Each structure stands twice: as C-alpha cells, then as structure tokens.
Amino acid sequence: MNEKRLQQLLISFAENRISREEYDELMELIHQTHQNEALYEAMDSVWKEIVYHIPVSQPQRESVYDRIINDPRFLKTPPAVNSRLGLFKKNWLKVAASLLIAGTVGIAGYKLFGTEQAAPVAYLQYAVPAGHHAQFQFPDGTVVAVNAGSILKYPKDFTGKTREVFLQGEAFFDVAHDAARPFIVHTGSIKTQVLGTAFDIEAYGNKKLNVTVARGKVSVLEGSNKLGILTPNHKLTYNYQNKKAEEFLVNANDAIGWKDGSLILNNLNIQEAAEIIERWYNVKFDIKALRGNQTRFSASFLKKESLEKVLNVLSRLNAFHYTISASGDVKTVKLTN
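Mind the numbering: the sequence shown is residues 49 to 385 in my numbering, read in order.
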C-alpha cells in the first residue's frame, strides 16, 4: 500500500480539490486500512500534516462517519474487528468533518456520495487552532493574517463581480486594490466592504464585532443599513445583542500588533484578558473566584513571551494568585485572590 498516495488524497480531500476518480481511489485505500494494521499508524501521521482543524460536535462527527462507512465504495466487505479501529475512526472523522460539516462539499461537479449536480462555487476553509497564527496570500494579491482560534472560508478563485470571504474569529486583511471588484468580509450578519485597504476584523463568538482600519477607507453594513465608514486609526464596535454601533479614535497598531507576534491587552478586565490569553497560549482559565473583579488594565508583551511571564505581570497588576495544572493535552490556569 502506498502511504504517500494516501496522504496526497487525504490532503486533496480536505482542500476540496479531489476528483471523483481520486475519491473512489481514496475510498478503496481507506477500505484496505481495515485489513492492514500498519496503515493505522499512517492515518495518524497523515492527519497531523493537515491543518484543517474544524471544531464540530461529536454527534456531527458520528453522522458524517456513518454516511461514509455506508458508502458502497467504502464498505465493500464488513470491516475486520481490530483494536485500532477507534484510532482510525477518530482520525477519519476529523478529516471528513473538516469538509462536510462546513458545507464545502461539491467536488468536481458531484456530491460526495455520487449524485451528479451543478458545480457550486469551490470554497476552501482555513482554520487556525489556539496557540497559532497564520499568514497567506489570495490569488488576487490580498494578504491575510489569521489569528488563533479563527476560521476563514474563501473561494478557490475570485471569479465574480465581488471578492467575498467569511470569517469567524480575527484576521487582518491587506487588500489588493481592484476598483471593479469590492472585497467583502462576512462576519455573521455584518458585511465589511472595501476596494483596497488594510484593516482588522475581530468577531469571536456572537457578542460583539470590532473593525479597525490601518489604511484606506472601510464601509461596515448590516444588510442595507450602513453602520459606519471608517478611515485610518478609527475603530467600529458593534454589539450583536443591542444592535448598537460605536466609533472610536484608536491607535491601529494596538489592534493589529498580534499579527507580528505582540500580545496587546488594552483597557480590559480580567475576564476579557483571559479569553484572549486562552486563544494565544491554547489554555483554559478558571476565573470563578475573580468574577467580581472588573478592574481594567493595559499591558503589552513582545513576541514569544512565556505564559508564566504574562501571568506574573498580570497577577501584580490585579493582585491575584495563579496555579497551572495539566490533564492530558489540556492546560488549565486557575486564578484566586
């Protein structure tokens, strides 16, 4: 069995560029893993090479897995009982869910399970796990930096009258100018539109949206309602709960410092700071003991500062104690008075 070929096919699948013939070949290779103990090791190493870590629930993963194993091209004969089946299932669920749950399937004009359909727009999805940052360039020359814990969905090619992408989390866009094709970032119900500029969007969860402009002019809309037109060093904050937008004069470098590796905590309380540090260092916080502490503070840290140094500084600013514990791959920081 060619393990390198298996890896190539899995990556093509995750990137939504696999042909129908390649998909059939992939199903055959995966089918054979039930008979070949060594390929369970290969599947594990293959997954570690793929960067599409899309967070989905276990019921969703189970549903995807059931659809795959019931595909006649996959299950030609019942799988052999094997102690490594759990490892295979765990890794294959991640690969499958990264594409299927995100709704990006539509490979080479076919549904994943063989029914012919009209070719949809081919979307790719880039997910950056906690503790990491990423930067890449779109085909139009736009450069994007993606912050930790973020997901960016974008077309394989910008072929229409607009250049549209979808963001969950935070990203900085340095947009290549194209007067004929506006660049649009969708974050839930909010649309941020530009022709050529540099700006940051922060949209974690469903509480608020922050748009900060470093260069050029940016229009922010909800449907047809224009929330604001921003120029350099201006920030718009939109509250999803009360539907209110506010504009502030800021230092844009503070908002975009993260893309160069600087951790900047600007006028935050401990709960707001903990949310950022969780994504930055891939840790969990237990701050129940400090829920009533609404003191606001500011602090900045250079690239690659350790978690311990950050906590030492913040503990002096906020008069708290901390302990760090680990359970498996999960590291927890507990704060107390």
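No residue lacks a Cβ here, since even glycine has one placed at the ideal position from N, Cα and C.
All values derive from a computational prediction rather than experimental measurement.
- For E353, there is no enclosing beta strand (DSSP E), as DSSP marks it with neither H nor E.
- Positions of the beta strand (DSSP E) runs, each at least 3 residues long and wholly inside the segment 170-226, are given as 171-176, 182-185, 191-194, 198-203, 211-222 in order along the chain.
- Under the rule that a run must span 4 or more residues, the alpha helix (DSSP H) segments found entirely inside the segment 277-315 read 300-304.
- Counting C-beta pairs closer than 8 Å gives fewer than three between the segment 317-324 and the segment 261-269, which falls short of the contact rule.
- DSSP places I249 in no alpha helix (DSSP H) but in the uninterrupted beta strand (DSSP E) bounded by 246-251.
- According to the DSSP assignment, A321 belongs to the alpha helix (DSSP H) that extends over 318-329.
- Per DSSP, the beta-bridge partners of K382 are D334, T371.
- 7 Å or more divides the Cβ of T285 from the Cβ of K332.
- Per DSSP, reduced to three states, the secondary structure at K239 is strand.
- Per DSSP, T260 is one residue of the beta strand (DSSP E) stretching across 256-263.
- Boundaries cannot be given for S67, as no beta strand (DSSP E) includes it and DSSP labels it neither H nor E.
- Per DSSP, the continuous beta strand (DSSP E) segment holding S267 begins and ends at 266-270.
- Burial state of Q173 is buried, judged by a 10 Å Cβ sphere holding 16 or more other Cβ atoms.
- Distance between K52 and N315, taken at the CA atoms: about 50 Å.
- As a beta-bridge residue in DSSP terms, N273 pairs with E270.
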